[in-house]
Amino acid sequence: MDRQNYGMCSLGEDKQLSKRLLSYGGKEIFIKVNLVVGKGEWKILVYAPLENFVSTKKDEGIGIHDIRLFNITLLGRQVWRLINNKDSICFKVLSSEYFPDGNIFNAKRVEKASFTWSSIAAVAVKLKRGFGWQVGNGDSINIRDDNWGFEELNESTIISSNSNHELKSVRDLLLVNDRKWDMDKVYMVYGKDWGDRIYNLPIGNEGQRDRMVWFHNPYGYFRSKSAYSWLLLKEIGFGPHRIYWKSIWKIDTLPKIWVFAWRVGHEILPTNVKISSIRIGFNKKCSRCEATNETLLHALRDCPTSREVLLIKGWDMRVMTEHYDRCIDWASNLGKEFRICNLLYAPMLPQNDNMKKWDKPPKGVVKINFDATMNGDRAGYGVIFRDNDGFVLGGGEDSSMKKCQSRRLSV
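Start counting the sequence shown at 17; every next residue gets the next number (the numbering used here).
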């Protein structure tokens with residue numbers, strides 16, 4: 017795979033700008049520009065779909081922003097302002113025309129609406145499931161039409177056998193003379209499982225009004241970052257190798273190793289088979305052994321040259337001979353076998369279990385810890401006093417001592 021002009025995104029015929037001269041930050045910016053703009057002076061060979069780039073690092077991607085989703089989250093801040101700033105002129109003008117009841121999520125359909133409102137309304141539909149009511153007095157929350165309590169709690173959680181009950185608002189689920197849930201009614205409407213979750217929801221004071229919150233922030237405030245992550249996760253879902261991707265980016269190694277492992281997982285290394293799928297007439301044969309087509313598994317495992325390297329340290333032959341449909345499956349099993357820098361399994365190399373740590377002294381006893389060191393012709397020491405709770409009572413140090421024998425320092 018000794019080719020210079022192919023990669024995740026490869027330059028074509030422009031010899032003045034080589035991706036080899038760019039840093040990792042420069043390469044990322046270069047890829048972002050070409051993915052967004054789509055046209056330029058260079059010919060770009062894309063080996064993977066856009067979804068593989070815009071996902072977060074723990075979800076198979078490399079964290080490049082999806083501009084469409086990012087614009088939705090930015091416009092979502094206007095939705096949040098209309099929810100909370102009901103004294104603003106913007107709210108009064110838009111609500112009088114499009115949502116007279118004051119709830120932006122219950123807007124009426126209007127022909128030839130303004131461009132401003134059309135944009136805000138489209139974003140409100142996208143983000144509606146992420147917003148919901150925090151329970152105060154319960155008067156404003158309709159259990160059939162609104163999200164409340166937490167994200168999944170809405171009309172779909174009402175059990176069908178009791179869908180014809182007369183309870184309409186959350187207020188009807190509370191005890192009449194007490195700020196507690198009427199569990200008989202809650203179980204009747206939502207069943208045992210959902211009822212137990214509702215029981216743990218906090219209830220506001222008597223005079224506290226219901227408040228619209230963003231479920232994906234611990235304080236209930238809408239933030240573009242959390243909204244973008246939520247929208248992105250809704251589109252890509254959870255991949256089968258989520259732990260594998262998450263562990264790759266946590267390994268303490270060179271950035272080029274992260275990128276290489278990511279490209280292996282997505283099978284976008286510039287093998288001859290991959291290049292031939294883009295460039296017609298390209299030779300698929302392996303340039304090293306010339307025995308078969310150079311797929312990714314062949315280049316990394318099956319080629320005699322690669323196999324000689326992998327067998328140097330005595331790999332398990334099952335990893336070398338077992339059949340895999342995707343290279344990421346083989347890489348995952350290989351990670352279990354290669355346990356030197358592995359985050360999920362026990363290491364192959366023995367670890368130092370004799371880790372020294374500070375032990376508490378008996379109650380009423382002060383423990384003194386002392387250490388000394390030498391550096392060239394100078395020597396120094398430090399001492400610290402701690403009680404049985406680990407509280408520091410005092411200490412001292414001296415680095416002005418002249419060089420002396422190590423045995424004297426140890427005394």
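Glycine included, C-beta positions come from ideal geometry on N, C-alpha and C.
Small disclaimer: the values here were computed from a predicted structure and weren't measured.
For S156, the closest of Y215, D226, G92 by C-alpha to C-alpha distance is D226. Between the C-alpha atoms of F386 and D414 there is a straight-line separation of about 12 Å. Apart from sequence neighbours up to five positions away, no residue of its chain approaches E182 with a beta-carbon distance below 7 Å.
Around the beta carbon of W230, 16 or more other beta carbons lie within 10 angstroms, which makes this residue buried.
If you check the CB distance, K201 and L189 come in under 8 Å. The C-beta distance from G165 to G146 rounds to 14 Å, too long to fall under 8 Å, and the pair is not in contact. The beta-carbon separation of N404 and K373, rounded to 15 Å, does not stay under the 8 Å limit for a contact.
In this chain, the beta strand (DSSP E) harbouring I400 covers 394-402.
Per the coordinates, the alpha-carbon of S322 lies some 20 Å from the alpha-carbon of I291. Relative to the Cα of T389, the nearest Cα in the group L316, G398, K383, V382 belongs to G398.
Comparing alpha-carbon positions, the option among G406, G411, I88, R402 lying closest to R239 turns out to be I88. From the listed residues F115, G236, D212, the smallest Cα separation to A140 is found for F115. By the criterion of a C-beta distance shorter than 7 Å, G152 is surrounded in its chain by G220, Q224, R225, D226, R227, once the five residues flanking it on both sides are discounted. Taking C-alpha positions only, I273 is separated from I214 by approximately 47 Å.
Following the DSSP letters along the chain, one finds N385 inside the beta strand (DSSP E) bounded by residues 383-391. The three-state reading of DSSP puts S134 in helix, counting H, G and I together. Looking at the DSSP output, R227 shares a beta bridge with Q150. DSSP places V95 within a helical segment (H, G or I) once states are collapsed to three.
The C-alpha of Y203 lies about 15 Å from the C-alpha of K184.
The beta-bridge partner set that DSSP reports for V408 consists of R402. For the segment 191-221, not one full-length beta strand (DSSP E) segment reaches 3 residues or more. Residue pairing by DSSP places E413 opposite G398 in a beta bridge. If you draw a straight line from the Cα of F86 to the Cα of F107, it comes to about 24 Å. Here T311 is buried, its C-beta having at least 16 other C-beta atoms within 10 Å. In the three-state scheme derived from DSSP, where H, G and I count as helix and E and B as strand, N233 is classed as coil. Counting the other Cβ atoms within 10 Å of the Cβ of V408 gives fewer than 16, which makes it exposed.
DSSP, read as helix, strand or coil, puts N101 in coil. Residue pairing by DSSP puts K301 in a beta bridge opposite N309.
For G411, the CB contacts under 8 Å within the same chain, skipping 5 residues up- and downstream, are G398, V399, I400, F401 in chain order. For N288, DSSP records no beta bridge to any residue. Separation of the CB atoms of A243 and G92 is rounded to 5 Å, and the pair is thereby assigned contact status at 8 Å. In its chain, beyond the 5 residues on either side, I264 have a beta carbon closer than 6 Å to the beta carbon of A277. Within its own chain, the residues whose Cβ lies closer than 7 Å to the Cβ of W133, once the five positions on either side in sequence are excluded, are L110, Y114, listed in chain order. The C-alpha of I99 lies about 15 Å from the C-alpha of L90. With respect to the 8 Å criterion, A315 and T287 are classified as neighbours on the basis of their beta carbons. If you draw a straight line from the Cα of K128 to the Cα of K144, it is about 23 Å long.
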